[in-house]
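Novice: Same order as they appear, the protein sequences are chains F and C.
The first sequence begins at 4 in our numbering and counts up by one.
The second sequence begins at 4 in our numbering and counts up by one.
Quick reminder that beta carbons are idealized off the backbone N, C-alpha and C, glycines included.
Please read through the structure below; I'll follow up with questions.
2 protein chains.
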Amino acid sequence: MRIGELARRTGVSERSLRYYEQQGLLAADRTSGGQRDYPDAAIDRVIRIQELFAAGLHSRKIVELLPCMRDADGGPSMIADAKLVAELTAERDRIDRMIGDLITSREVLDDVITAASQPVD
Amino acid sequence: MRIGELARRTGVSERSLRYYEQQGLLAADRTSGGQRDYPDAAIDRVIRIQELFAAGLHSRKIVELLPCMRDADGGPSMIADAKLVAELTAERDRIDRMIGDLITSREVLDDVITAASQPVD
DNA sequence: GTAAGACCTAACATTAATGTCAAGTTCAAG
DNA sequence: CTTGAACTTGACATTAATGTTAGGTCTTAC
Numbered sequence: 004m005r006i007g008e009l010a011r012r013t014g015v016s017e018r019s020l021r022y023y024e025q026q027g028l029l030a031a032d033r034t035s036g037g038q039r040d041y042p043d044a045a046i047d048r049v050i051r052i053q054e055l056f057a058a059g060l061h062s063r064k065i066v067e068l069l070p071c072m073r074d075a076d077g078g079p080s081m082i083a084d085a086k087l088v089a090e091l092t093a094e095r096d097r098i099d100r101m102i103g104d105l106i107t108s109r110e111v112l113d114d115v116i117t118a119a120s121q122p123v124d
Numbered sequence: 004m005r006i007g008e009l010a011r012r013t014g015v016s017e018r019s020l021r022y023y024e025q026q027g028l029l030a031a032d033r034t035s036g037g038q039r040d041y042p043d044a045a046i047d048r049v050i051r052i053q054e055l056f057a058a059g060l061h062s063r064k065i066v067e068l069l070p071c072m073r074d075a076d077g078g079p080s081m082i083a084d085a086k087l088v089a090e091l092t093a094e095r096d097r098i099d100r101m102i103g104d105l106i107t108s109r110e111v112l113d114d115v116i117t118a119a120s121q122p123v124d
């Protein structure tokens with residue numbers, strides 16, 4: 004599939020998809036004319052990349068991480084070495100704290116929303 | 004307390020604390036010499052602000068939100084109007100999705116970490 | 001073959017919180 | 001009073017993903 008369709012189906016801008024390629028996150032074949040041609044598996048991968056970005060990982064880390072993931076189509080393909088495991092563990096713990104903070108913030112918002120919906124004075 | 008102590012006790016840089024003041028997020032008294040003097044309650048507030056930043060709210064939204072929160076010391080002090088409630092509800096839903104994505108990412112990392120810890124081939 | 005739409009590269013802009021540095025002032029203790 | 005640490009304002013830099021624009025090329029349907 005070409006870049007426009009992939010963008011549409013993932014909700015990620017074409018600009019970002021090209022950026023992902025530049026960062027080594029997302030490979031694409033090229034047509035004879037030089038246009039990108041993505042496999043169907045690219046959809047899942049792009050969504051995964053977005054999630055990892057949302058989790059605060061930087062592209063460089065994601066580049067190292069991706070080959071160690073078992074994706075829907077292929078196998079695990081690579082095992083993380085000790086250094087990477089240490090980094091990923093740190094990220095994992097950070098994400099853990101982040102989830103806790105987000106839950107707190109969600110509660111705060113719910114409180115404010117609830118208070119506004121209940122004109123009990 | 005002065006800015007250095009607040010920074011130390013919250014883990015937030017002095018630079019950021021001044022920025023918060025500039026954004027109207029965090030008020031401070033001033034000594035006769037012009038130095039900032041924070042009440043103890045500032046600690047909780049700074050932590051709250053950090054959490055909301057982590058949740059992806061922008062300072063402008065936080066400015067509107069803060070007076071509607073019931074903080075440890077004072078009362079709720081203000082009720083969100085309909086427009087703010089709508090915005091906060093959108094934020095809440097976004098945070099909800101974010102938590103889901105983070106949980107997914109955490110699982111992905113755990114998978115990779117586990118796979119690396121189990122040299123079962 | 002041609003026209004319209006999709007795509008290409010490259011460059012520059014943006015955002016928003018935070019880092020950093022400089023030059024000057026205040027505070028607290030001796 | 002002096003001295004050093006802590007503070008002040010202001011300006012400029014950074015980061016990293018993404019937006020935007022421009023000028024050119026490819027694809028496909030007619």
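Listed from N- to C-terminal order along the chain, which residues in the stretch 31-49 of chain F have their beta-carbon within a distance smaller than 8 Å of any beta-carbon of chain C?
Specialist: none
Novice: C:S108 to F:I102, Cα distance in whole Å?
Specialist: 11 Å
Novice: I need the straight-line Cα distance from C:L55 to F:Q26, nearest angstrom please.
Specialist: 30 Å
Novice: Using a cut-off of 9 Å between C-beta atoms, extract the partners of F:M4 located in chain C.
Specialist: Correct list: empty, because the minimum Cβ distance to chain C is about 24 Å.
Novice: Taking the CB atoms as reference points, tell me whether C:D40 and C:R5 lie closer together than 8 Å.
Specialist: yes
Novice: Would you grab the beta carbon distance between F:T13 and F:V49 for me? Rounded to a whole angstrom, and I think it's under 8 Å.
Specialist: 4 Å
Novice: What's the C-alpha gap between F:I46 and F:R95?
Specialist: 24 Å
Novice: Per DSSP, which one or two residues make a beta bridge with C:D40?
Specialist: C:D32
Novice: List the endpoints of the continuous alpha helix (DSSP H) containing F:G103.
Specialist: A85 to S120
Novice: Using the three-state DSSP reduction, which class does F:V49 fall into: helix, strand or coil?
Specialist: For F:V49, the three-state secondary structure derived from DSSP is helix.
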